[in-house]
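Participant: Could you have a look at this structure, given as structure tokens, before my questions?
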Amino acid sequence: MNGQANGHAILENVRRYRGIASLYRQTAAFRPGQSWSLLEQARDWEARALSELEAYFATHMDYAASRAA
Numbered sequence: 001m002n003g004q005a006n007g008h009a010i011l012e013n014v015r016r017y018r019g020i021a022s023l024y025r026q027t028a029a030f031r032p033g034q035s036w037s038l039l040e041q042a043r044d045w046e047a048r049a050l051s052e053l054e055a056y057f058a059t060h061m062d063y064a065a066s067r068a069a
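Residue numbers (UniProt numbering): 1 to 69.
And the structure:
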């Protein structure tokens with residue numbers, strides 16, 4: 001149960017990070033003078049989300065492998 005709750009927390013973080021990245025991209029569309037900086041920040045938030053997802057799936061793959069052994 002704890003692993004499941006932790007998984008939900010990770011996926012919630014991913015959702016938040018991607019939402020923040022989306023807001024940066026939207027803001028960049030309306031602020032051309034700052035667009036490069038804003039798009040860079042959006043990229044950083046997307047990278048953070050990807051890192052969380054990679055950790056989530058790596059943990060689940062390790063768990064599945066240990067159960068199969």
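For each residue, glycine too, the CB sits at the ideal point set by N, CA and C.
Since the structure is predicted, the reported quantities are computational estimates derived from the model, not experimental observations.
1) Given a threshold of 16 other Cβ atoms within 10 Å of its Cβ, counted over all protein chains shown, does phenylalanine 11 qualify as buried or as exposed?
2) Please indicate yes or no: does the CB of tyrosine 24 lie closer than 8 angstroms to some heavy atom of the ligand SAM?
3) Taking the alpha-carbon positions, what's the glycine 7 to aspartate 62 distance?
4) Beta carbon of arginine 25, beta carbon of alanine 42: below 9 angstroms?
Facilitator: If we stick to the structure as given:
1) Note on residue identity: the sequence assigns leucine, not phenylalanine, to residue 11. Counting Cβ neighbours within 10 Å, leucine 11 comes out exposed, since fewer than 16 surround it.
2) Of the ligands one can find in the structure shown there are none, so the ligand SAM has no counterpart to examine.
3) 14 angstroms
4) yes
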